[in-house]
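For the sequence shown, my numbering gives the first residue as 1, with consecutive numbering after it. Reviewing the structure listed below.
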Amino acid sequence: MVPQSAAGRQPVVGYVLKMYPRFSETFIVSEILAREAQGEKIVIFSLRPTTDTRFHPELARVQAPVVHVERPSSAHRWWQVWQRGEADGLAGGLSDALPELLRAGHDDAGQAVTLARLAREHGVTHLHAHFASVATTVARLAGLIAGLPYSFTAHAKDIFHESVDEAELGRKLAGAHHAITISEYNLADLRRRFPASAARLTLVRNGLELERFPYRPARPEDGGRRLLAVGRLVEKKGFGLLVESVARLRDAGIDVSADIAGDGPLHAELQALIARYRLADRVRLLGPRTQAEILELLGSHDVFVAPFVVGRDGNADGLPTVLLEAMARGIRCVAADVTAVGEVVRTGETGWLVPSGDVPALTAAIGEAIRPDPEHRTLTGNARRLVEELFDSRRQAAALRALVAQPAAPRGPAAPADPITAEAAPVSAIVHSAAPAPVSTASPVPSASAVAAGDSGSPLPEHTGTAGLLAGAEEDQDDSEPLPGRPGEGLPAMPMPVRAARSFAARDLRPVPATTAASAASTASEAPAASSAPTASAAPTERTHR
Numbered sequence: 001m002v003p004q005s006a007a008g009r010q011p012v013v014g015y016v017l018k019m020y021p022r023f024s025e026t027f028i029v030s031e032i033l034a035r036e037a038q039g040e041k042i043v044i045f046s047l048r049p050t051t052d053t054r055f056h057p058e059l060a061r062v063q064a065p066v067v068h069v070e071r072p073s074s075a076h077r078w079w080q081v082w083q084r085g086e087a088d089g090l091a092g093g094l095s096d097a098l099p100e101l102l103r104a105g106h107d108d109a110g111q112a113v114t115l116a117r118l119a120r121e122h123g124v125t126h127l128h129a130h131f132a133s134v135a136t137t138v139a140r141l142a143g144l145i146a147g148l149p150y151s152f153t154a155h156a157k158d159i160f161h162e163s164v165d166e167a168e169l170g171r172k173l174a175g176a177h178h179a180i181t182i183s184e185y186n187l188a189d190l191r192r193r194f195p196a197s198a199a200r201l202t203l204v205r206n207g208l209e210l211e212r213f214p215y216r217p218a219r220p221e222d223g224g225r226r227l228l229a230v231g232r233l234v235e236k237k238g239f240g241l242l243v244e245s246v247a248r249l250r251d252a253g254i255d256v257s258a259d260i261a262g263d264g265p266l267h268a269e270l271q272a273l274i275a276r277y278r279l280a281d282r283v284r285l286l287g288p289r290t291q292a293e294i295l296e297l298l299g300s301h302d303v304f305v306a307p308f309v310v311g312r313d314g315n316a317d318g319l320p321t322v323l324l325e326a327m328a329r330g331i332r333c334v335a336a337d338v339t340a341v342g343e344v345v346r347t348g349e350t351g352w353l354v355p356s357g358d359v360p361a362l363t364a365a366i367g368e369a370i371r372p373d374p375e376h377r378t379l380t381g382n383a384r385r386l387v388e389e390l391f392d393s394r395r396q397a398a399a400l401r402a403l404v405a406q407p408a409a410p411r412g413p414a415a416p417a418d419p420i421t422a423e424a425a426p427v428s429a430i431v432h433s434a435a436p437a438p439v440s441t442a443s444p445v446p447s448a449s450a451v452a453a454g455d456s457g458s459p460l461p462e463h464t465g466t467a468g469l470l471a472g473a474e475e476d477q478d479d480s481e482p483l484p485g486r487p488g489e490g491l492p493a494m495p496m497p498v499r500a501a502r503s504f505a506a507r508d509l510r511p512v513p514a515t516t517a518a519s520a521a522s523t524a525s526e527a528p529a530a531s532s533a534p535t536a537s538a539a540p541t542e543r544t545h546r
């Protein structure tokens, strides 16, 4: 049942996006599809024309109209935009918002006026933006002009990058009807940085259409040495570390191959690194792939590797959708511990979690993951159940609808300065503890730890790091402008900006009690996905924030 507004008409949610459609932002398409499936009416407002040349077939299922918001090309054109807004009954809102519009600048202010007018024309009752940067800037200003509530979803670069304006982000949070973020890690960090807006911040994870990712694990007792990595070829993905790990495994006598699907500014540098290590027969750069093609790749590979790093500018992945897709599909997962990744990948429970930037640890984990071991099916079964519990797009859509319908959080006194240490119920009791199975000495694969340390019977050649690969513009699942390249300085000692260092320090604390999708949608009907994963028999363990 879709709620009706006070005027008796169906609410209309206006999605404000920097660019639509976008090849890398499949999670937004999944979210819109799930909301439309439950009967919500959506209108999409795109602030920039798309620059992508490939598109996912799922776009054809989106019913929402796409409205392009024009950018004023000159001061004269801006004045015309202003006059048209006044003529359309927005004079009062324009006057009230004038100080904010002047502070925003020419482009954002002009688009905000146009968006306010277009939102009224399309009967929009609520504006929602993805990413806390330009899309939220324009949505906030348009909301002020048109008298509409707005909300936004914060992801990763839009809150962690060194260019983030803390005061501006604080204003966005303070004025929002509600603000969403996608992980416990982000929620705790934002509530610590902006305690006065803690009540407005809500956890709603990115959702998956689980029926599109059936659980079909490989036969772990057969091992399997085909590695897969997926993402834009940019610094924070850490793909150069995967290339180094493959070189170490090869030099240890382990026959392993890796496919990297994606494109980006570091393609040439990665290709050069592959050539330097003489890995052309083992590491392939596949280029961009559609969701359907990624699903096929997940079904034909044995181990998914996500060697994330934190960029020198503070940029890091939040919780990439493709990692969740791999876990749902039943492929063994090795991932580096940045931001929220440790909330889903846990060594001995759902996969292998390694320190970010640590090539020996990454190599050792891959060595364990490719080793024949029947216990690996327990890990992949746990991973599937966790994804079903926390990332079902139907539950997330119900939560988003409930948030729009509820009253805005009051602007009361500031929350405690450091709420992260408060006790919280475990996020999920579906992951069961299981000690890693001992490595069989009869296995033909050398010890992973020995490989990582270079003890494989013959000395490993010196691996000099990925100098030059830790630089480049990136715009992956992000709403900011591309960044200029920065010179790389080799791998192990990556300077970490103050914000990123402060955020990572919080990993040792327990999470703040989350305003979650479950609480927001407690009265909404849920459609749980049927699990096809095997049932683990071990007792559940309480999960703590990593």
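Even glycine gets a Cβ: it sits at the ideal position worked out from N, Cα and C.
Three-state secondary structure assigned by DSSP to residue i
{"i": "Phe160", "result": "helix"}
{"i": "Val204", "result": "coil"}
{"i": "Pro49", "result": "coil"}
{"i": "His68", "result": "strand"}
{"i": "Ser356", "result": "coil"}
{"i": "Thr350", "result": "coil"}
{"i": "Val113", "result": "helix"}
{"i": "Arg226", "result": "strand"}
{"i": "Leu286", "result": "strand"}
{"i": "Gly253", "result": "coil"}
{"i": "Tyr215", "result": "coil"}
{"i": "Arg502", "result": "Interpretation of Arg502 is limited by its pLDDT of 34, a score under 50 that renders its predicted location unreliable; the figure taken from the coordinates is listed afterwards. Helix at Arg502."}
{"i": "Ala340", "result": "coil"}
Run of the alpha helix (DSSP H) containing residue i, from where it starts to where it stops
{"i": "Ser95", "result": "91–104"}
{"i": "Ala268", "result": "267–276"}
{"i": "Leu324", "result": "321–329"}
{"i": "Arg171", "result": "166–175"}
{"i": "Ser30", "result": "26–37"}
{"i": "Ala199", "result": "Run containing Ala199: none; DSSP gives neither H nor E here."}
Nearest neighbour of residue i, chosen from the options [CA to CA]
{"i": "Ala34", "options": "Asn186, Ser393, Gly357", "result": "Ser393"}
{"i": "Gly110", "options": "Ile145, Leu127, Asp281", "result": "Ile145"}
{"i": "Gln396", "options": "Ala97, Arg22, Leu17, Ala37", "result": "Ala37"}
{"i": "Gly224", "options": "Phe304, Gly238, His161, Asp189", "result": "Phe304"}
{"i": "Gly147", "options": "Leu90, Ala196, Ala104", "result": "Leu90"}
{"i": "Leu241", "options": "Leu379, Ala156, Ile366, Glu100", "result": "Ile366"}
{"i": "Leu208", "options": "Val16, Glu389, Ser30", "result": "Ser30"}
{"i": "Glu389", "options": "Thr26, Leu210, Thr137, His301", "result": "Leu210"}
{"i": "Lys41", "options": "Ile294, Gly330, Arg200, Gln63", "result": "Gln63"}
{"i": "Ser183", "options": "Leu319, Arg346, Asp373, Gly330", "result": "Leu319"}
{"i": "Ser197", "options": "Thr290, Leu169, Tyr185", "result": "Leu169"}
{"i": "Arg193", "options": "Phe213, Asn206, Ile159, Pro57", "result": "Ile159"}
{"i": "Asp373", "options": "Arg332, Pro360, Leu403, Asp358", "result": "Arg332"}
{"i": "Arg371", "options": "Asp313, Arg212, Ile254, Gly238", "result": "Ile254"}
{"i": "Val234", "options": "Asp189, Val13, Lys157, Ala199", "result": "Lys157"}
{"i": "Pro21", "options": "Gly14, Val66, Ala112", "result": "Val66"}
{"i": "Leu295", "options": "Pro57, Ile44, Ile28", "result": "Pro57"}
{"i": "Arg200", "options": "Phe308, Pro214, Arg171", "result": "Arg171"}
{"i": "Ala97", "options": "Arg61, His130, Arg140, Ala119", "result": "Arg140"}
Start and end residues, beta strand (DSSP E) containing residue i
{"i": "His130", "result": "126–130"}
{"i": "His178", "result": "178–181"}
{"i": "Tyr150", "result": "150–154"}
{"i": "Ala335", "result": "332–336"}
{"i": "Gly381", "result": "Looking at the DSSP string, Gly381 is not in any beta strand (DSSP E); the run it does join, the alpha helix (DSSP H), is 376–390."}
{"i": "Ile294", "result": "Element bounds for Ile294: not the beta strand (DSSP E) but the alpha helix (DSSP H), 291–300."}
{"i": "Val62", "result": "First-last for Val62: undefined, no H or E at that position."}
{"i": "Leu17", "result": "12–19"}
{"i": "Val305", "result": "303–306"}
Check whether residue i and residue j have beta carbons under 9 Å apart
{"i": "Ala316", "j": "Arg384", "result": "no"}
{"i": "Pro72", "j": "His106", "result": "yes"}
{"i": "His68", "j": "Ala408", "result": "no"}
{"i": "Val334", "j": "Gly351", "result": "yes"}
{"i": "Gly299", "j": "Arg377", "result": "no"}
{"i": "His128", "j": "Val16", "result": "yes"}
{"i": "Asp165", "j": "Val138", "result": "no"}
{"i": "Ala132", "j": "Ala116", "result": "no"}
Own chain, CB closer than 6 Å to residue i, minus 5 neighbours either side, in chain order
{"i": "Lys18", "result": "Leu47, Arg48, Val134, Ala135, Asp479"}
{"i": "Gly238", "result": "Pro307, Phe308, Val309"}
8 Å CB neighbourhood of residue i in its chain, flanking five on each side removed
{"i": "Arg282", "result": "Val246, Arg250, Val256, Ser257, Ala258"}
{"i": "Val243", "result": "Ala258, Leu270, Leu273, Ile274, Tyr277, Leu279, Val283, Thr466"}
Same chain only: Cβ atoms within 7 Å of residue i, ignoring 5 sequence neighbours per side
{"i": "Leu400", "result": "Arg35, Val204"}
{"i": "Tyr185", "result": "Thr339, Ala340, Glu343"}
Interface flag, residue i vs chain B, CB-CB below 9 Å
{"i": "Asp96", "result": "No chain B is present in this structure, which holds just one protein chain."}
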